[in-house]
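One structure below.
Residue numbers (my numbering): 31 to 443.
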């Protein structure tokens, strides 16, 4: 941009072409007024000068250039400064009001006081009427004997079981987090700087020279700006004063000295407690979920063990029943052998399509085996030598010493 155009932009306060960074660079690079006055006397040698000197020659024609640029920079930054200060004031004011109006937070403080008095029963701290708000963050430091839980976890459990409404207190303190990031000292400093800049600009306008050309709009535009800026600054100061009053009242409400405990410190502790309490609620939920899983796994194992034991009992009972059935079959067989009933069964013609059942086949086999055993025992115990035949066709007959076959007689015991 040509130097003359830059000069005209400054005179006109053309905010479309003037940026904050551009004005800041001009202020930093601009030589002192004495140097500008010297350069202003070198107009006739303009073509022979370096570019920086040529720029100085052009800028030297603008009356009160540095104060003019400082005022323009303040005008460009004013809206941003206002938007930085106002939300902080609103956040702290709202946080103070929320704390005093929150019924759930008040109830939580009562519960903490009750638990504290119960724990301190018999000591010099028993029957306390209150406690410092800074004590809230120390609830996490008191732990159980197994070090798995803290007093804060116990309070969260107690509230969830008996006072569930108290768990919603963070929803009533929505501005506490923003207020915890506000530095009251910085806020006061920025507000004071804004007021000081307005006063300085107001004085400059009173002594500012008349417009040096038709393009010079400084006095006209800045006068309008100062009137509007002063009004907004006054409103902001009223809001800030109200914020300080609210914080002072909060100090009386919670019994602390607002001059010793800053806004940032107080709301910082409160925000930390709020986050820790919510975290304790989540950890308690995870712990209960884990305990429930362990309980279900234990019940499932006990059930499986019972079913296994019952299955073993049923298996043992089945084995006993099977042995009893086999014993009964053998008893019946021995009785049939002794009475001769086993040999009186008539064999009918074998049918082509008849098939012995499994029980009949077992009975036939057992009969043959038992007969052979009995015959062998008989031959070993008789006084006269006798030979026995266990062939299928002579089953149930004996051969005496004379070689005659005779029916099997009942064995004497």
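For every residue, glycine included, the Cβ atom is placed at its ideal position computed from N, Cα and C.
Computed from a predicted structure; not experimentally measured.
- Around the C-beta of residue 186, are 16 or more other C-beta atoms found within 10 angstroms, so that it is buried, or is it exposed? Here residue 186 refers to the residue found at position 156 when the chain shown is read from its first residue. Using a 10 angstroms sphere on the CB of residue 186, the tally of other CB atoms reaches 16 or more, which defines it as buried.
- Item | With 16 other Cβ atoms within 10 Å as the buried cut-off, status of residue 204 | Counting from 1 along the chain shown, the entry for residue 204 is found at position 174. Exposed is the label assigned to residue 204, since fewer than 16 other Cβ atoms lie within 10 Å of its Cβ.
- Ordered along the chain, which non-local residues of its own chain (more than five positions away) have a Cβ less than 7 Å from that of residue 194? Walking along the chain shown from the start, residue 194 turns up at place 164. There are no such residues.
- Query: What residues match up with residue 180 in a beta bridge as DSSP calls it?
  - Reply: For this step, residue 180 is matched to residue 150 along the chain shown. Residue 180 pairs with 173.
- Message: At the level of alpha carbons, what is the spacing between residue 146 and residue 165?
- Response: Walking along the chain shown from the start, residue 146 turns up at place 116. Walking along the chain shown from the start, residue 165 turns up at place 135. Going from the Cα of residue 146 to the Cα of residue 165 covers about 11 Å.
- Under 8 Å by Cβ, that's how I've got residue 294 and residue 206 pegged, so tell me the actual separation to the nearest angstrom. Within the chain shown, the letter at position 264 stands for residue 294. Within the chain shown, the letter at position 176 stands for residue 206. A Cβ-Cβ separation of about 12 Å leaves residue 294 out of contact with residue 206 under the 8 Å criterion.
- Item | Sub-8 Å separation of residue 88 and residue 34 beta-carbons | Walking along the chain shown from the start, residue 88 turns up at place 58. Walking along the chain shown from the start, residue 34 turns up at place 4. In this structure, the beta-carbon distance from residue 88 to residue 34 falls below 8 Å.
- Query: Would you say the region 263 to 280 touches the region 108 to 124, given that touching needs at least three Cβ pairs under 8 Å?
  - Reply: As far as the Cβ criterion goes, the region 263 to 280 touches the region 108 to 124, which means the pair count is three or higher.
- If you check the beta carbons only, do residue 66 and residue 90 fall under 8 Å apart? By 1-based counting over the chain shown, the position of residue 66 is 36. By 1-based counting over the chain shown, the position of residue 90 is 60. With respect to the 8 Å criterion, residue 66 and residue 90 are classified as neighbours on the basis of their beta carbons.
- CA-to-CA distance, residue 288 to residue 143, given in whole angstroms: For the purposes of this step, residue 143 is taken as residue 113 along the chain shown, with counting starting at 1. For the purposes of this step, residue 288 is taken as residue 258 along the chain shown, with counting starting at 1. Straight-line spacing of the CA atoms in residue 143 and residue 288 works out to 22 Å.
- Query: When burial is assigned at 16 or more other CB atoms within 10 Å of the CB, is residue 196 buried or exposed?
  - Reply: The count along the chain shown starts at 1 and reaches residue 196 at position 166. Result: buried.
- Query: Given residue 490, which residues of its chain have a CB within under 7 Å of its CB, disregarding the five upstream and five downstream residues?
  - Reply: For the chain, the structure presents residues 31 to 443; residue 490 sits outside this window and is missing.
- Task: Run the CB neighbour count on residue 444, radius 10 Å, all protein chains shown included, and call it buried at 16 or more, exposed below.
- Result: Any answer about residue 444 is impossible in this case: the structure gives the chain only from 31 up to 443.
- Query: Hey, out of 36, 219, 95, 322, whose CA is closest to residue 111's CA?
  - Reply: Mapped onto the chain shown, residue 111 falls at position 81. Ranked by how close their Cα comes to the Cα of residue 111, the residues 36, 219, 95, 322 have 219 in first place.
- Query: How about residue 182 and residue 269: are their beta carbons less than 8 Å apart?
  - Reply: Your numbering for residue 182 matches position 152 in the chain shown. Your numbering for residue 269 matches position 239 in the chain shown. Contact: no.
- Rounded to whole angstroms, what's the CA-CA distance from residue 58 to residue 81? Just pull it up for me. Your numbering for residue 58 matches position 28 in the chain shown. Your numbering for residue 81 matches position 51 in the chain shown. A direct Cα-Cα distance of roughly 17 Å separates residue 58 from residue 81.
- Item | Own chain partners of residue 209 with C-beta closer than 6 Å, once the 5 adjacent residues on each side are dropped | Walking along the chain shown from the start, residue 209 turns up at place 179. Answer for residue 209: 121, 122, 125, 297, listed in chain order.
- Could you tell me whether the Cβ atoms of residue 280 and residue 115 are closer together than 8 Å? Here residue 280 refers to the residue found at position 250 of the chain shown. Here residue 115 refers to the residue found at position 85 of the chain shown. Taking 8 Å as the cut-off, the Cβ atoms of residue 280 and residue 115 do not count as close.
- Considering only residues of the region 175 to 231, which uninterrupted alpha helix (DSSP H) runs meet the minimum length of 4 residues and lie entirely inside it, listed in chain order? Those alpha helix (DSSP H) runs which fall completely within the region 175 to 231 and span 4+ residues are 181 to 192, 206 to 209.
- Nearest to residue 138 by CA position, among 95, 93, 100, 190, is which residue? Looking up residue 138 in the chain shown gives position 108. Ranked by Cα distance from residue 138, the options 95, 93, 100, 190 are led by 190.
- Message: residue 163 and residue 300 - do their beta-carbons sit closer together than 8 Å?
- Response: By 1-based counting over the chain shown, the position of residue 300 is 270. By 1-based counting over the chain shown, the position of residue 163 is 133. Cβ atoms of residue 300 and residue 163: closer than 8 Å.
- The alpha helix (DSSP H) with residue 126 in it runs from where to where? As a position in the chain shown, residue 126 is number 96, starting the count at 1. Element bounds for residue 126: 95 to 131.
- Message: My output table needs one value for residue 242: the three-state DSSP class, helix, strand or coil.
- Response: Taking the first residue of the chain shown as 1, we reach residue 242 at position 212. In this structure, residue 242 counts as coil in the three-state DSSP scheme.
- Cα separation between residue 153 and residue 171? Looking up residue 153 in the chain shown gives position 123. Looking up residue 171 in the chain shown gives position 141. Separation of residue 153 and residue 171 (C-alpha to C-alpha, rounded to the nearest whole angstrom) is 19 Å.
- Item | Close beta carbons around residue 98, own chain, < 8 Å, minus the five adjacent residues each side | Position 68 of the chain shown, counted from the start, is the residue given in the question as residue 98. The residues are 40, 92, 248.
- Coarse secondary structure for residue 47, derived from DSSP in three states: The residue labelled residue 47 in the question sits at position 17 within the chain shown. In the three-state reduction of the DSSP assignment, residue 47 falls in the coil class.
- Distance between residue 173 and residue 285 (C-alpha atoms, nearest Å): The sequence position of residue 285 within the chain shown is 255, counting from 1. The sequence position of residue 173 within the chain shown is 143, counting from 1. Put simply, the backbone Cα of residue 285 is about 27 Å away from that of residue 173.
- Query: Is the beta carbon of residue 141 less than 8 Å from the beta carbon of residue 177?
  - Reply: In the chain shown, residue 141 corresponds to position 111, counting from 1. In the chain shown, residue 177 corresponds to position 147, counting from 1. The criterion of a C-beta distance shorter than 8 Å is not satisfied by residue 141 and residue 177.
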